[in-house]
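Visitor: Numbering (full-length UniProt numbering), first residue to last: 6 to 519.
I have a structure I would like to understand better, so I am pasting it below and will then ask my questions one at a time.
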Ligand code: XMP
């Protein structure tokens, strides 16, 4: 196994992601915990020093233990990790000056000498990399040579071949170093990894970590039926069995049959202790007469926390709250403020609850990206119908029902949505689409059916493609598909007599109607 010593970079988890993609087992440990003894017990096959925000020129700045250099295993230092290595081994690092600091894209060119970790890396005689450093190495440690330079970093790629120490100034793990994975691949090959580690291994590792963290305490987990909370719950259940209780709140704004499906899935297939709370009267009562989107959201968010807390209080000696926080949420919450993601979190992840209730957090998906969570879900036997589900917003159908929400409208909306999704599935389009749903419009229109006049609601179909929900394009259905779907909805759903297709992209629109 490989050890990543974390010096506090915001992208340390990305190193782990790159290694997982190469099927290598790794663990990240904060530098404070990595003592000589720890390291010798851990017995890594290779070590990576992450980047970090500190300056090695500062007295008392983070350091790896001496053993890291004495175990005789390959070591790779990245950014701060490079500077630490240089200083520890007798080189010199100088604090930032504006002309030597580099932030952003840079190009590294090779020197005369070839280096195994660079094999197949320089594609056009130079390679784009991502730099983010104020300090820089100004004198190499004895034994080191230079293998790549950039205008701002004469020691961009360095290595001591006799000791298998490698150190780079840039971040090969980020997207902006397009070929960075190659460096990691070369590094792990030379460290002797065969790349035979899989999601099954991750599952085992996560289970052990949960057990170690939770001990004999009880854990509460909010279930939404989405893939993140589902995988979190199943993983926890595997780890601690009956020490887990899930709470599923039905706010009366779910899709057709959704509450039953979620409850059945967890009770029947997994035998997970589950409190299914039907609180639809409470939510729909509070939303009566409310048409402002923000008031809707805030009302739902507030009630959700109250209700969750009420049920959670019934669970004796609960000490932990489990959340399906993913790695992008972790990055986002440190690097951005404002924006839609903040709203998403406060609904989806029951924000603020842990402090309020004096609970500690368990977040077993914290290191994973969405596609990895799906892979883990498959590994845990979660049915494909749950794994590939389109995202569904916390406020549910409330924000797909512009204007006042009534039970009648919700009923109509549920049926229309079910027909639409059925159409999409039948045509094999579900997995090509990021999200698809119907919105019921606060307007009635006149129509004619048979010999009679109708005066019913109009609805809008929405379907978008997207990578992350931040931007989106409308999905280009064929006219035949749209025509057939409109006919089905009008024939099968009483209460709708007109169907429109929303062709707005995001921006300027948003995906949801409110
Ligand atoms: P918008 O409408 O902002 O939506 O383009 C982007 C993505 O976020 C989802 N969404 C929400 N998810 N709570 C959630 O859990 C919310 O309040 C919320 N609002 C929007 C939306 O479904 C889409 O996937």
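The beta carbon of each residue, even a glycine, is placed where N, CA and C say it ideally should be.
How big is the Cα-Cα spacing for residue 489 and residue 459?
Guide: 20 Å
Visitor: Suppose the cutoff is 6 Å on Cβ atoms and the five residues either side in sequence are ignored; what does the same chain contact list for residue 438 look like?
Guide: Taken in chain order, the residues that qualify are 468, 480.
Visitor: So is the beta-carbon of residue 211 under 8 Å away from any non-hydrogen atom of ligand 1?
Guide: No; taking the cut-off as 8 Å, the Cβ of residue 211 has no heavy atom of ligand 1 nearer than that.
Visitor: Just to confirm my understanding: we take residue 327, look at its own chain, exclude 5 residues before and 5 after, and list those with CB closer than 6 Å. What are they?
Guide: 224, 226, 237, 241, 367
Visitor: What residue does the beta strand (DSSP E) around residue 318 start on, and which one ends it?
Guide: It is not in any beta strand (DSSP E) - residue 318 instead sits in the alpha helix (DSSP H) that spans 298-318.
Visitor: Can you tell me the Cα-Cα spacing of residue 268 and residue 281, whole angstroms?
Guide: Approximately 7 Å between the Cα atoms of the pair.
Visitor: Note down the Cα distance separating residue 396 from residue 233, rounded to an integer number of angstroms.
Guide: 10 Å
Visitor: Quick check on residue 340: buried or exposed, where buried means 16 or more other Cβ atoms within 10 Å of its Cβ?
Guide: With a pLDDT of 39 at residue 340, under the threshold of 50, the modelled position of this residue cannot be trusted, and the question is left open.
Visitor: Could you give the DSSP three-state label for residue 265: helix, strand or coil?
Guide: helix
Visitor: Roughly how many angstroms lie between the CA atoms of residue 176 and residue 182, to the nearest whole one?
Guide: The straight-line gap from Cα to Cα measures roughly 7 Å.
Visitor: Can you tell me whether residue 119 is helix, strand or coil according to DSSP?
Guide: coil
Visitor: Measuring only the C-alpha atoms, how far is residue 231 from residue 255?
Guide: C-alpha separation (whole angstroms): 13 Å.
Visitor: In the DSSP assignment, find the unbroken beta strand (DSSP E) run with residue 454 in it and report its ends.
Guide: 440-454
Visitor: Taking the beta strand (DSSP E) that residue 285 falls in, what are its first and last residues?
Guide: Residue 285 -> not in any beta strand (DSSP E); alpha helix (DSSP H) instead, spanning 285-291.
Visitor: From the DSSP secondary-structure annotation, give me the bridge partner or partners of residue 270.
Guide: The partner list for residue 270 (beta bridge, DSSP) is empty, contrary to what the question assumes.
Visitor: What would DSSP say about residue 478, mapped onto helix, strand or coil?
Guide: Residue 478 falls in the strand class under three-state DSSP.
Visitor: Should the region 281-292 be regarded as contacting the region 246-263, the criterion being three or more beta carbon pairs within less than 8 Å?
Guide: yes
Visitor: DSSP has residue 136 in a bridge; who is on the other side?
Guide: 109
Visitor: What residue from 375, 453, 500, 433 has the CA that sits closest to residue 474's CA?
Guide: 375
Visitor: Taking the alpha carbon of residue 15 as the point to measure from, which residue in 141, 179, 116 has its own alpha carbon closest?
Guide: 179
Visitor: Cutting at 8 Å between CB atoms, please list the residues of its own chain near residue 198, excluding the five before and the five after it.
Guide: 7, 27, 29, 50, 51
Visitor: Check the C-beta distance from residue 494 over to residue 421 and give it rounded, since I have them as a contact under 8 Å.
Guide: 5 Å between Cβ atoms; contact.
Visitor: Per DSSP, what kind of secondary structure is residue 154 in: helix, strand or coil?
Guide: If DSSP states are grouped into helix, strand and coil, residue 154 belongs with the strands.
Visitor: Of the residues 74, 54, 92, which one's Cα is nearest the Cα of residue 64?
Guide: 92
Visitor: For residue 186 and residue 217, what's the separation of their Cα atoms in angstroms?
Guide: 32 Å
Visitor: Within 10 angstroms of the Cβ of residue 108, are there 16 or more other Cβ atoms? Answer buried if so, exposed if not.
Guide: Residue burial annotation: residue 108 is exposed, with fewer than 16 other C-beta atoms found within 10 angstroms of its C-beta.
Visitor: When the Cα of residue 562 is compared with those of 454, 485, 184, which residue comes out closest?
Guide: Absent from the structure is residue 562, since the part of the chain shown begins at 6 and ends at 519.
Visitor: For residue 20, I'd like the list of residues in its chain whose CB is within less than 7 Å of its CB, leaving aside the five on either flank, ordered along the chain.
Guide: 9, 53, 55, 178
Visitor: Taking the beta strand (DSSP E) that residue 225 belongs to, which residues open and close that run?
Guide: For residue 225, the enclosing beta strand (DSSP E) stretches over residues 223-228.
Visitor: Can you tell me the Cα-Cα spacing of residue 496 and residue 406, whole angstroms?
Guide: 21 Å
Visitor: I believe residue 151 touches residue 87 by the beta-carbon criterion, under 8 Å. Please report the beta-carbon distance rounded to the nearest angstrom.
Guide: About 12 Å separates the CB atoms of residue 151 and residue 87; that is not less than 8 Å, and the two are not in contact.
Visitor: Should the region 374-389 be regarded as contacting the region 200-207, the criterion being three or more beta carbon pairs within less than 8 Å?
Guide: yes
Visitor: To the nearest angstrom, how far is the alpha carbon of residue 219 from that of residue 369?
Guide: 11 Å
Visitor: Got a sec, what are the start and stop residues for the beta strand (DSSP E) residue 258 sits in?
Guide: Neither: residue 258 is in no beta strand (DSSP E) and is coded neither H nor E.
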